[in-house]
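Engineer: Under our numbering, read the sequence shown as residues 531 to 686, first letter to last.
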Amino acid sequence: MARANALRVVGLDERLPAPDEVRSARELLGIFQPLAESRSSTDLLIRHQTKDHEVSLSPAVAQTLVELLRLFASGQAVTLVPVGATLTSQQAADVLNVSRPYLIKLLDAGEIGYEKVGRHRRIAASELLAYKARRDSERRSALAEMAAMSAEEDDL
531 MARANALRVV GLDERLPAPD EVRSARELLG IFQPLAESRS STDLLIRHQT KDHEVSLSPA
591 VAQTLVELLR LFASGQAVTL VPVGATLTSQ QAADVLNVSR PYLIKLLDAG EIGYEKVGRH
651 RRIAASELLA YKARRDSERR SALAEMAAMS AEEDDL
């Protein structure tokens, strides 16, 4: 089961969106962004060929779609990682945008929890995302500190 989850992570990040996909994402973003900002459920009527489908879109789903569309509309590749997924070391490195050898150093140093399956390391997406949140928070703090120091120097 973990293997199936790991495989589902791959897909959208294999290529950049094509120009027509970027245009489509921008158009959909214009529709979904106000829905997400309304903070209330919205009923949507979707027409596929000759059949109509009505769905209720919750604010959380609308916000998730907006984030996905925003990335696609800017031409960025996207990786979707289910929180319960188990990732290979290469997939985890790709999510963090680091090399696989660097990720292995983080794992061996205990920065990110993992399990060994045979001789392979498997990283829970929740562990990886918790590390990413800590890393991003530390980066923001360091950047804020540097900005404050720069502002102090400018005042002198």
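Think of the CB as a built atom: it goes at the ideal place given N, C-alpha and C, for glycine as much as any other residue.
Tell me the DSSP secondary structure of E641 in three-state form.
Structural biologist: Sequence index remark: in the sequence shown, residue 641 carries index 111 (1-based). In the structure shown, E641 sits in coil (DSSP, three-state: anything other than H, G, I, E or B).
Engineer: Identify the continuous beta strand (DSSP E) that holds T580 and give its terminal residues.
Structural biologist: Here residue 580 is taken as the residue at index 50 of the sequence shown, counted from 1. Neither: T580 is in no beta strand (DSSP E) and is coded neither H nor E.
Engineer: I need the DSSP call for A592, collapsed to helix, strand or coil.
Structural biologist: Residue numbering aside, residue 592 sits at position 62 when the sequence shown is read from its first letter. In the structure shown, A592 sits in a helix (DSSP, three-state: H, G or I).
Engineer: Could you name the residues of the same chain whose beta carbon sits closer than 7 Å to that of R651, not counting the 5 residues immediately before and after it, in chain order?
Structural biologist: Here residue 651 refers to the residue found at position 121 of the sequence shown. For R651, where only same-chain residues beyond five positions count, the Cβ hits under 7 Å are S619, L637 and Y644.
Engineer: Can you tell me whether L537 is buried or exposed, with buried defined as 16 or more other CB within 10 angstroms of its CB?
Structural biologist: Counting from one through the sequence shown, the residue named residue 537 turns up at place 7. Only weak support is given to the placement of L537: the predicted model assigns it a pLDDT of 39, under 50, and the value that follows is read from those uncertain coordinates. When all chains shown are included, L537 counts as exposed.
Engineer: When you compare each of L601, L617, A615 and A674 to E551 by their alpha carbons, which one comes out closest?
Structural biologist: As a first step, residue 551 must be located in the sequence shown, where it is residue number 21. Considering only alpha carbons, the answer is L601.
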